[in-house]
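As structure tokens, then:
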């Protein structure tokens, strides 16, 4: 591989990291480090903060579902999402109404999901095709990078006496710079789901556009077809012959596409007959539920950790460092994922990461001391992206020919879990119970998820026909 190609792939991975920094670090989690200051500026209650967070997570669920079911070009989805995230972040700096905040953060969640889906569709397949899957860690490190940079930006502004409006405005500029870089460096063509046609020799090719059809037939070159027509005797017969030939070619093309798809469906049915065990294992519900419990478990500290830090140490010079620490732990764990999980089966590593996150939640629930908050930030920050990547790897391995279906259900369960987290937290507030109990429930859910994952690896219960890598 030449150095130019290697440089292009590194640039692509960095552009993916920049886009995920916008989508997650700003579109999803910028509210977390600003919430303590908004409480001071607007007398915002903790329950109102939970409602705003829930609106963002609801938007993320809507965006993920719409991106999965609507036939939108990945590049258009990607760029539209970047624009939505930057615009909604700017609006947060000039709006001071709770209902409008709910709407704006919901739209930001939708844009975040669109960027995430578009970026993974445009970047990850190209890195895999080029044999540079090692750069995936750099791309996904953008999540932690966005969290850390947003946290440090807010910390610097708060120490200089700025309010929440200034923080939102600064994050708008930060998100715009990242978005412009990603906009320029991510190519237009989609890496996943490109429509493929079959040429006359039976090979796959890019779809024929109207222009390419005209070029092949020799008709209609240029912007005005009449410019290429020479009205001479016999010319009309030639044009009719070419037109009929083009229609015939299109008909043959349709038959070839239909036959290839029929053969593919037949191959799928035949593989199911030959290896029925690959589809006849236990139901998927343990993995789906485990991934949903993970979404519920991580979202509580990801939303309220700086708030708890502020209760312990009111000085922004101290509590403001918690969120950047969370982001730095995320970056480190994402880049070092291959080393951290070397020699471990994906499901085993997933279960252990759940327990590490649960440990941080238990410490925070037992007492909000500085040490407990710091340890919780490290435990959750270093595991939530690791679990995300491992969970998707397990879903792809165990799903077989229905991997996309399994991964879609897991993602839906995750989105519902993170939407449920702030609602349960508000329920403890309204009932008068200590909010620490909410972290206990999240920790219990993570332990239960680890049990489900471990139970699904017991011999005799695993999906038969799968390799050890998937176990």
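Residue numbers (the numbering used here): 17 to 487.
Virtual Cβ for every residue (Gly too), placed ideally from N, Cα, C.
Predicted model only: the values in this text are computed from it and were never measured.
Nearest-angstrom Cα distance between residue i and residue j?
| i | j | result |
| --- | --- | --- |
| residue 95 | residue 447 | 43 Å |
| residue 183 | residue 173 | 7 Å |
| residue 98 | residue 264 | 44 Å |
| residue 464 | residue 429 | 15 Å |
| residue 29 | residue 323 | 33 Å |
| residue 89 | residue 139 | 14 Å |
| residue 411 | residue 56 | 43 Å |
| residue 40 | residue 258 | 54 Å |
| residue 351 | residue 359 | 17 Å |
| residue 107 | residue 120 | 7 Å |
| residue 304 | residue 373 | 18 Å |
| residue 414 | residue 456 | 31 Å |
| residue 462 | residue 356 | 20 Å |
| residue 110 | residue 27 | 35 Å |
| residue 204 | residue 198 | 11 Å |
| residue 370 | residue 399 | 8 Å |
| residue 245 | residue 269 | At residue 245 the pLDDT is 40, less than 50, meaning the model places this residue with poor confidence and gives no usable figure here. |
| residue 154 | residue 466 | 27 Å |
| residue 300 | residue 422 | 7 Å |
| residue 349 | residue 401 | 8 Å |
| residue 384 | residue 50 | 20 Å |
| residue 68 | residue 262 | 57 Å |
| residue 31 | residue 353 | 20 Å |
| residue 395 | residue 367 | 14 Å |
| residue 409 | residue 177 | 45 Å |
| residue 406 | residue 152 | 13 Å |
| residue 317 | residue 132 | 22 Å |
| residue 362 | residue 345 | 20 Å |
| residue 419 | residue 101 | 30 Å |
| residue 59 | residue 23 | 49 Å |
| residue 93 | residue 417 | 26 Å |
| residue 185 | residue 66 | 22 Å |
| residue 379 | residue 321 | 12 Å |
| residue 468 | residue 302 | 6 Å |
| residue 325 | residue 443 | 21 Å |
| residue 309 | residue 144 | 30 Å |
| residue 427 | residue 330 | 37 Å |
| residue 187 | residue 81 | 27 Å |
Between the beta-carbon of residue i and the beta-carbon of residue j, is there less than 8 Å?
| i | j | result |
| --- | --- | --- |
| residue 160 | residue 347 | yes |
| residue 341 | residue 381 | no |
| residue 123 | residue 64 | no |
| residue 343 | residue 433 | no |
| residue 170 | residue 336 | yes |
| residue 91 | residue 72 | no |
| residue 180 | residue 42 | no |
| residue 103 | residue 25 | no |
| residue 377 | residue 458 | yes |
| residue 162 | residue 38 | yes |
| residue 79 | residue 128 | yes |
| residue 202 | residue 35 | yes |
| residue 191 | residue 136 | no |
| residue 439 | residue 193 | no |
| residue 460 | residue 451 | no |
Using 10 angstroms around the beta-carbon of residue i, count the other beta-carbons present and answer buried if the total reaches 16, otherwise exposed.
| i | result |
| --- | --- |
| residue 339 | buried |
| residue 425 | buried |
| residue 142 | buried |
| residue 387 | exposed |
| residue 403 | buried |
| residue 149 | exposed |
| residue 196 | exposed |
| residue 61 | exposed |
| residue 313 | buried |
| residue 112 | exposed |
| residue 175 | exposed |
| residue 44 | buried |
| residue 200 | exposed |
Rounded to the nearest angstrom, how far is the Cβ of residue i from that of residue j, given a contact under 8 Å?
| i | j | result |
| --- | --- | --- |
| residue 125 | residue 189 | That belief does not hold up - the Cβ atoms of residue 125 and residue 189 are roughly 21 Å apart, past 8 Å. |
| residue 306 | residue 157 | With 8 Å as the limit, residue 306 and residue 157 do not qualify as a contact, their Cβ atoms being about 25 Å apart. |
| residue 315 | residue 437 | 4 Å |
| residue 83 | residue 130 | 6 Å |
| residue 441 | residue 454 | 5 Å |
| residue 435 | residue 77 | 6 Å |
Looking at residue i and the ligand MG, is the gap between the Cβ and the nearest heavy atom below 7 Å?
| i | result |
| --- | --- |
| residue 440 | This structure does not include the ligand MG; it has no bound ligands of any sort. |
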